[in-house]
Each structure stands twice: as structure tokens, then as C-alpha cells.
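Notes follow once the structure below has been shown.
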Amino acid sequence: MAKGDPGVTTRGRRAAPRAKRSAAPAGGNPELVQLLTPDGERVESAFGPDGTEYRVDFTDEEYRGLYRDLVLVRRLDAEATALQRQGELGLWASLLGQEAAQVGSGRALRSQDMAFPTYREHGVLYCRGIDPIMPLGLFRGVDQGGWDPNEFRFNMYTIVIGAQTLHATGYAMGVHMDGKTGGDDGEAVIAYFGDGATSQGDVNEAFVWASVFNAPLVFFCQNNQYAISEPLERQTRVPLYQRARGFGFPGVRVDGNDVLASYAVTRHALDNARHGQGPSLIEAYTYRMGAHTTSDDPTRYRIASEVEAWQAKDPITRMKAFLEKQKIADESFFAEVDEQARAESVHLRERVLAMPNPEPVTMFDHVYPHGSPELDEQRAQFSRYLETFEGSAH
Amino acid sequence: MATETLTLGKALNTGLRRALEHDQKVVIMGEDVGKLGGVFRITDGLQKDFGDQRVIDTPLAESGIIGTAVGLAIRGFRPVCEIQFDGFVYPAYDQIVSQVAKMHYRSQGKVRIPMVIRIPYGGGIGAVEHHSESPEAYFAHTAGLKVVTCANPQDAYWMIQQAIASDDPIVFLEPKRRYWEKGLVELDGPLAEAYPLHSARVARAGTDATLLAYGPMVRTCLDAATAAAEDGRELEVVDLRTLSPLDLTAAYESVRRTGRCVVVHEAPGNLGLGAEIAARITEECFYSLESPVLRVTGFDTPYPASRVEEEYLPDLDRVLDAVDRAFRW
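Chains A and G are the protein sequences, given in the same order.
First residue of the first sequence? That's 1 in the UniProt record's numbering, and the numbers climb one at a time after it.
First residue of the second sequence? That's 1 in the UniProt record's numbering, and the numbers climb one at a time after it.
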């Protein structure tokens, strides 16, 4: 990629009118692309380690839209955590703290792009325009998250760590084989995974495959510092983004708590991919503010001061400070967003509580595309068995 | 109808060629499947004729082969993956069992993975370790997968095409020691009229005892039946062909007539296919049985060094010994 590539000029209707240079030297820290400081100061542009310049030029409406996304996905996530605590979900993997990485990358996707999530990308899912109720069946235990990846351009959640990076790579190879790269209307694929997954063989194999087949793929690693209890130091001795170089494609580390930088870096990488320039790795440097899942107890392995330090880098606080300082939004806007978030959460809760348990015999469905006489027989036997119980509805 | 004498390997090659011609979404992928044509030459000449986008030499990583094939399948392709040897499939085991097998179920029918995983399997070629294994039970135990194996060139030609045309993920086991055996193959005719993929077939009719076998052991059992006939015993040989789902219809019918049954496979006996087959035959044919269902299998050891593999593998004598025991019961 050329130095000075504008990155997101397609959305540039206004050239960062209120942007200020940060206190950092021109271009900032090449180890961390940042366009919005924790204090809510805009940085006009930032340079990646290969000299790529990143900038965003959003309208006020677009800035407000990103803020709205951040607040909504956090509120919906909190609702799901509460539902788990009340016994309505079996488990929940919270995205708390990672909203900017997910909203920034999710909004950077174009409609024709395809995403392969882990089990924590509720924010990306939301940005794809998908009803947030969709993954909750999986966590409630009434289904296994069965949606059509091609309908939503968003694959099913994948719980086996790193397995989906190979699926994304194969899918991206297919995009290439279908001749769907090379122009602005080309398709790009994004694979989400975490810092722990970078130790998996599948992820490293995906790196090799994507590289040698020049797949139109963005590897988006949310480094939230922990793989359940194990800190980053147990997974790597080098910054994760630097691993890309060894596989033969560019890597960049972005402030994953900065929605603007996350957007800019992802949009740039996706556009490179769709234009046939191959894969790249983004390390979104962030922090898992909550537990790994609702079954986890992070107080056993990390100290409060560390969490407090990251609290000061909160993605929503900095965006709100920016909107306030630049007078892009006022109190009535923030109140309206909060009310929307509350209403959507109430709506989500109502629908979760209304989710029916599946009929037991449905466990025999869909094992094979065209059915199975053997399973039909097992189902029939099981139904007859259920009917032997007094008062059985079956 | 054009009929040719082909080796089992050439029949597979010809079947793959026909599948590539028939459906543009079929892609072959694996290690050394391109210029080399595979270490057993099963894909010989296919990359030359169909290009390197349809016959893909992959990096050397089995999980990568299967995992990327999942993505290609989601995209609408029909990947035909080659695992070079049976003993090298295990790095891909997670992708096969946790992803390939479950995708249709998890998606409530919205995602199909029409993938074929070809694996040369079994012993008898004097190979070093990891090149002679029979892993069929691992896959037959997994819901969502289907497992088939061919025993002769005619079946090899048609079954590989049927497997590729199927919407199920199919583990396609190829009896590598039989790759060079020749047989008549009917090359023409519609796939829909070929003998059904998930059906067993009587390979030799008989009246006195039933031999159940699949893959490389079908030839062994046919040889045993020929030898037994010289001693005045008529053995019926059933080629199972499909290991998941198991089709035991022909086996039940046969055992009800003969009253005696011996199951033969190379894989270790403990929790092998023979155990499941014996249980089902006992349930279905209990009052017809003159003796318990007996098994002739590999031993419950790792596959041994090749200089002793002939002792490990079931052969004509061990099969006939089991038949004798069934008659002595």
C-alpha cells in the first residue's frame, strides 16, 4: 500500500473540521494507531508501522451515529449479562470494553463483505443490521445459534477457538475464485479472533493459507489482554501485529478503544483486500472489562488497579467527551440515545423471556440435509417412550 | 454401455474427472494433488486439464485443508479434500468432528457442507508407521458425517461421483492396498441410476455362513469363500460399502438364512465397526443365530511394523478359522 493512502476518503464529506494535532509527534505513535485520545481529543491523522496514513472524515451525523452504536451495544450487552444472572441465559460472553473495536470494524464493513465472528462479536452483529435477539437462543440454550451466514453476511458464532479463521480464509479464497475482487464493488472478508486464539494452530494455518493464496481477508484480532485467566505474556513474546510480517502480509496495531481509528484501519484493510491486495492483520489493542464469560471470576487473576487504568481509556467516555467539546451533540441527544438503549433492552428482555423451549423430538432434526431413516426410527421410538408417561403431552 | 478394465485407482481418477466436468463448483484440494497427481496418482492429470483453481495444491496442514474447505462450502463450492494418508487425518479431526459434521445441525438446515474427504486407508503395502491405519470408527461415531468405502473399481468410479454429488459431508475411505487391482467398470449412464451409495450389496451368494466386510477386506473374504467352497461350505459375502449410515438390511436377510455371521475388518476390534454390527445383528436376528456373531479384526495394538503386518491383518486363514469356530459352536 502506498504511503499517504487516504484510507476512507469515500466518506470524506468534511475534512476533519475541528481536528487538532495531538501532543504526540507528527503522525503519533506508529505502534498504536489512534485518532481519538482517551481525553476525547481528535488526532487529525495517524501513521501505521508501514507508513500508511489513517484518517477519518465523518459528518456530525456520522459521529453521532457511532456514539449511538457504542451506547446501544453496551446497553444490550449489559441486559444479556443481567438475563444470565437471573437464570434466563445459560451463559453470556460480554463485550464490555470492546465496543469501539467492534463498532469501528463493524461499521467499516460494506454490505457485500462477509464476517466470521467468535462468540463475542455482538457489537459487529449489531452493526450488520442484525436483530440482537439472534444469538441469544444459543446462550439461552434453545438452539445452537442457527442462522444463515449468507443471508446476514455474518457467519454463525464459533466457539472452538480460532476454527473460524480457517473458514474465513476458505471463504475468501472462494471470493477470489469467483472473480469478486479487484474493484470498489469487490468483496472482502473479516475474521475475528482474540489474543488467546493466536496460539492456535488453526489461526497460524489460516495466516499461511491467506498469505499464499492472497486471499481478500482481514484478520481482526481483539487483543483484550486475557484468554480467560491467562495474560497476553503467556501467548506471545512479540506484539501480535508484528507476527503478520513473518507470514508475509502487513500488520497494524490500533487503539481498540478508539472507534474512529478502529474504523479507519479496518476500512483501509478491507479496501485493500477487495482490490486484490491480499490479507492483513489488525491487532485491536483493548481490554476485557468484564469476565471472560458469566462463569468466570476475574478477581482471581487480575488486580483492580489494572482495571481502573483501562477504565480511564473507556471507548464511550472518550467519544462523548469529543462530541461535547466539539458541540456535535448536546444533552438532549445523549438523553435520547440512553432512552433508545433502554427501550431496545426492554424489548430484548421481553423477547428472551418469550423464547419457547424446543420440543424434545426436534433434537433429531437437521442432522443430515435429506433426513435419515435411522434417525426417523430413533425419533419414533423416543416418541413412543415419552407417550408411556402418564399425562404426557407427547 | 462403454465398459473398460481399470484399476481401482484409475477408476477413482476417472470418476473425479467426470465430477469436475459435471459441476464447476467441484474443487479438489490437498497436498501434492496438482502436478504430482497425488502420492498414489489418484488426481493424475486433473490439474493440467482443469487448472490450479480447481485442483489446488495446498500448504502442508490438514486442519487447514478441511477448515478452508468449510469456508469454500459456505461460499457454495463442493470441495473434495485429499488427506494423504489415514494416519495424517488427525490434525484435521477437530475441523471434521466439530465443524464439518455439525454445521448443518447447528444452522437448523441453513448451511450445507457438501464436502468429500478422501482418505487412502488400511495396511498391506509395507509402509512405515502412520501410513496403514483404519480410522473409520472415529468418523462413523460422529453424527452428521457419512462414511463410505469402496472395494472394487466399479464402485470406486461411481461412489466417488455419488459422494461428490451428495449434500452430506462424506468421509470417503479408499482401500489403498487395492488401488492396483483391476476390474470391469461401466463408464456411462446417469449417476442417479447407479447402485445407491448408502446400500450394502451381496458380493457373493452363499448358504452356510455370512461374511460381512468392507473396503480392503471384501477381496479377502471373497478369497476365503472361494477356498471354503472347495471344502464344501458356501459362504455368503456382503460388501457393506456404507459404514455410516450402516445398511444391514442385506446382512439381516443373509444371517436369517445362514444362522452364522463373521464380521471382518482391519481396524482394531475393540469398539470397532464389528462391535456395533454384532450388537445390531444380535438384536435383529437373535432367534436365527446358531452361534454368536464373531469378529476377525486387527489386534488392539498400534498398527505394527510392516514386517509383521501380514500377521496383524485378517487374512484368508483367520477368516476361515472364525468360520470353523462358528460351525463348532
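We treat Cβ as the ideally placed atom computed from N, Cα and C, and that holds for glycine.
- Query: When we look at the beta-carbon of residue 268 (chain G) and count the other beta-carbons within 10 Å, is it buried (16 or more) or exposed?
  - Reply: By the 10 Å Cβ count, residue 268 (chain G) comes out buried.
- Task: Compare the C-beta of residue 104 (chain G) with all C-beta atoms of chain A and state if any pair is closer than 9 Å.
- Result: yes
- Query: Hey, which unbroken runs of the beta strand (DSSP E) at 3 residues or more fall wholly within the stretch 80 to 160 of chain A?
  - Reply: 114 to 116
- Message: Quick check on DSSP: helix, strand or coil for residue 222 (chain A)?
- Response: strand
- Task: Kindly indicate the opening and closing residues of the alpha helix (DSSP H) around residue 285 (chain A).
- Result: Careful: residue 285 (chain A) lies outside any alpha helix (DSSP H), inside the beta strand (DSSP E) at 280 to 285.
- Using a Cβ-Cβ cut-off of 7 Å (strictly less than) and excluding sequence neighbours within five positions of residue 296 (chain G), which residues of its own chain qualify? 262, 264, 314, 318, 319 and 322
- Query: When you check each C-beta in the stretch 226 to 254 of chain G against every C-beta of chain A, which residues fall closer than 7 Å?
  - Reply: 245
- Message: For chain G, check one thing: does any of its Cβ atoms lie closer than 9 Å to the Cβ of residue 16 (chain A)?
- Response: The predicted model places residue 16 (chain A) with a pLDDT of 45, which falls under 50 and marks its position as unreliable; any figure quoted below should be read in that light. It does not; no Cβ of chain G falls within 9 Å.
- Taking Cβ-Cβ distances below 7 Å as the criterion, which residues of the stretch 49 to 72 of chain G are in contact with chain A? Residues passing the 7 Å Cβ filter: 53, 59, 61, 63, 64, 67, 68, 69, 70, 71 and 72.
- Query: If residue 224 (chain A) sits next to residue 274 (chain A), beta carbons under 8 Å apart, how far is it from one beta carbon to the other, in whole angstroms?
  - Reply: That pair is no contact at about 27 Å.
- Message: Closest to residue 387 (chain A) by C-alpha separation, out of A:272, A:361 and A:366, would be which residue?
- Response: A:361
- For residue 48 (chain G), name the three-state secondary structure that DSSP assigns. Helix at residue 48 (chain G).
- Query: Applying the criterion that 16 or more other CB atoms from any shown protein chain within 10 Å of the CB defines a buried residue, is residue 166 (chain G) buried or exposed?
  - Reply: Residue environment for residue 166 (chain G): buried (at least 16 other C-beta atoms within 10 angstroms of its C-beta).
- Message: 9 Å is my cut-off, CB to CB: does residue 113 (chain A) come that close to chain D?
- Response: This model lacks chain D altogether; the protein chains it does include are A and G.
- Is any beta-carbon of chain A found at less than 9 Å from that of residue 168 (chain G)? yes
- Check the Cβ of residue 156 (chain A) against every Cβ in chain G and list those closer than 7 Å, keeping chain order. Listed along the chain, the chain G residues whose CB falls inside 7 Å of the CB of residue 156 (chain A) are 106 and 107.
- Keeping to the same chain, check which residues put their C-beta closer than 7 Å to that of residue 26 (chain A); ignore five residues upstream and five downstream. Confidence is the limiting factor: at residue 26 (chain A) the pLDDT is only 46, short of 50, which leaves the residue's position unreliable, though a coordinate-based value still follows. If we look at residue 26 (chain A) and ignore the five residues flanking it on each side, it has no Cβ neighbours.
- Take every Cβ of the stretch 97 to 110 of chain A, pair it with every Cβ of the stretch 314 to 321 of chain A, and state whether three or more of those distances are shorter than 8 Å. yes
- Task: Give the C-beta separation of residue 77 (chain A) and residue 89 (chain A) to the nearest angstrom, bearing in mind that I take them to be a contact with Cβ-Cβ under 8 Å.
- Result: About 12 Å; that fails the 8 Å criterion.
- At which residue ranges does the stretch 93 to 136 of chain G contain complete beta strand (DSSP E) runs of 3 or more residues, listed in the order of the chain? Counting only runs of 3 or more, we get 116 to 121.
- Message: Going by beta-carbon coordinates alone, are residue 120 (chain A) and residue 222 (chain A) separated by less than 9 Å?
- Response: Yes. Within cutoff.
- List the residues that DSSP assigns as beta-bridge partners of residue 28 (chain G). Its beta-bridge partners are G:55 and G:80.
- Task: For residue 23 (chain A), name the three-state secondary structure that DSSP assigns.
- Result: Note that residue 23 (chain A) scores a pLDDT of 41, beneath 50, so its modelled location is shaky; the value from the coordinates is reported in the next line. The answer is coil: DSSP assigns residue 23 (chain A) none of H, G, I, E or B.
- Residue range of the beta strand (DSSP E) that includes residue 22 (chain G): Residue 22 (chain G) -> not in any beta strand (DSSP E); alpha helix (DSSP H) instead, spanning 8 to 22.
- Within 7 Å of chain A by C-beta, residues of the stretch 112 to 137 of chain G in sequence order: 112
- Listed by chain order, chain G residues near residue 374 (chain A) by CB distance under 7 Å: 245
- Since residue 315 (chain G) is in the beta strand (DSSP E), which residue starts that stretch and which ends it? It is not in any beta strand (DSSP E) - residue 315 (chain G) carries neither H nor E in the DSSP assignment.
- Query: Using a C-beta cutoff of 9 Å, does residue 34 (chain G) count as contacting chain A?
  - Reply: It does not; no Cβ of chain A falls within 9 Å.
- Neighbourhood of residue 213 (chain A) by C-beta, 6 Å cutoff - its chain only, sequence neighbours within 5 removed: 173
- Message: Tell me which residues of the stretch 192 to 225 of chain A have at least one Cβ-Cβ distance to chain G shorter than 8 Å, keeping chain order.
- Response: 201, 202, 205, 206, 208, 209 and 212
- Message: In the DSSP assignment, the alpha helix (DSSP H) including residue 155 (chain G) goes from what residue to what residue?
- Response: 153 to 165
- Taking just the CA atoms, how far does residue 79 (chain A) sit from residue 33 (chain G)? 52 Å
- Query: Within this structure, are the beta carbons of residue 48 (chain A) and residue 33 (chain A) separated by less than 9 Å?
  - Reply: yes
- Contacting residues, own chain, Cβ-Cβ under 6 Å from residue 84 (chain A) (five flanking each side not counted): 92 and 294
- Message: Whole angstroms are fine: how far does the CA of residue 219 (chain A) sit from the CA of residue 21 (chain G)?
- Response: 35 Å
- Message: Looking at residue 202 (chain A): is its Cβ nearer than 9 Å to the Cβ of residue 94 (chain G)?
- Response: The beta carbons of residue 202 (chain A) and residue 94 (chain G) sit closer together than 9 Å.
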